[in-house]
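So the structure is just underneath, and the comments pick up after that.
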C-alpha cells in the first residue's frame, strides 16, 4: 500500500490508538508518532458484578396453579404442549462495549481533525472488529480522505513492523 508523504496513519484496536504522520515518501514510509492514546479496559469478567439473570417460562410443583376438577390441563393431553424452557438473559459484554465506545470516540476525533484540515490523506490499520466499528462512525469528510484500510492488529508492534506491513499490503 502506498503511504503518501504527510499522510495521517491511525493504528488502533479497541483500547489503544497510535497516530502517525508519514515524514517519508510513498516508497519508503517514515512514520513519526504524532499522538498516542491508551484507554484502560479490564477483562469482561473483571467488570461484571453478577452472573446473567435467568428466566423460566413455566411454573411447576407447588407454584403451579391448581386445575379445577373437570378442567383442562394441557400438559395431560388436552391441547398444545409446551416444553418448559429455561433461558438466560443476554449477557452484556462490558469489555466489548468499552472497545466499541473507544472506536466511536476515535472516529469522532478523526472527524474533528478532518474538518479542521489536519490531514488530507488517511490510512487506518485496525483489527477487523475494530475496523468495522470505526466504519459505523466515519464522517463524510473522513471517508473522503480515506486512502486505505488494513485489517490487522499492529498496536503492539514496532514502528518498523508497521511500516513494513503497510509496504507489503
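Residue numbers (the working numbering): 37 to 205.
In this text, a Cβ means the ideal position worked out from N, Cα and C, and glycines have one as well.
Rounded separation between residue i and residue j - CA only
| i | j | result |
| --- | --- | --- |
| residue 168 | residue 202 | 19 Å |
| residue 159 | residue 44 | 6 Å |
| residue 92 | residue 129 | Because residue 92 sits at a pLDDT of 48, beneath the cut-off of 50, its placement in the model cannot be relied upon, and the following sentence gives the value as read from the coordinates. About 23 Å. |
| residue 148 | residue 139 | 14 Å |
| residue 151 | residue 69 | 21 Å |
| residue 175 | residue 54 | 20 Å |
| residue 195 | residue 51 | 18 Å |
| residue 67 | residue 157 | 14 Å |
| residue 192 | residue 49 | 10 Å |
| residue 197 | residue 127 | 37 Å |
| residue 146 | residue 205 | 23 Å |
| residue 136 | residue 57 | 25 Å |
| residue 37 | residue 199 | 10 Å |
| residue 210 | residue 172 | There is no way to answer for residue 210, as the model of the chain reaches only from 37 to 205. |
| residue 166 | residue 181 | 19 Å |
| residue 72 | residue 161 | 14 Å |
| residue 42 | residue 133 | 33 Å |
| residue 153 | residue 74 | 24 Å |
Unbroken beta strand (DSSP E) run spanning residue i, endpoints
| i | result |
| --- | --- |
| residue 203 | No beta strand (DSSP E) contains residue 203, which is instead part of the alpha helix (DSSP H) from 195-204. |
| residue 66 | It is not in any beta strand (DSSP E) - residue 66 carries neither H nor E in the DSSP assignment. |
| residue 45 | 44-48 |
| residue 57 | 52-58 |
| residue 185 | 182-187 |
Per DSSP, the bridge partner or partners of residue i
| i | result |
| --- | --- |
| residue 73 | 53 |
Per the contact definition of three or more C-beta pairs closer than 8 Å, is the segment 184-193 in contact with the segment 60-67? no
Uninterrupted beta strand (DSSP E) stretches inside the segment 130-176 (no shorter than 3 residues): 158-162
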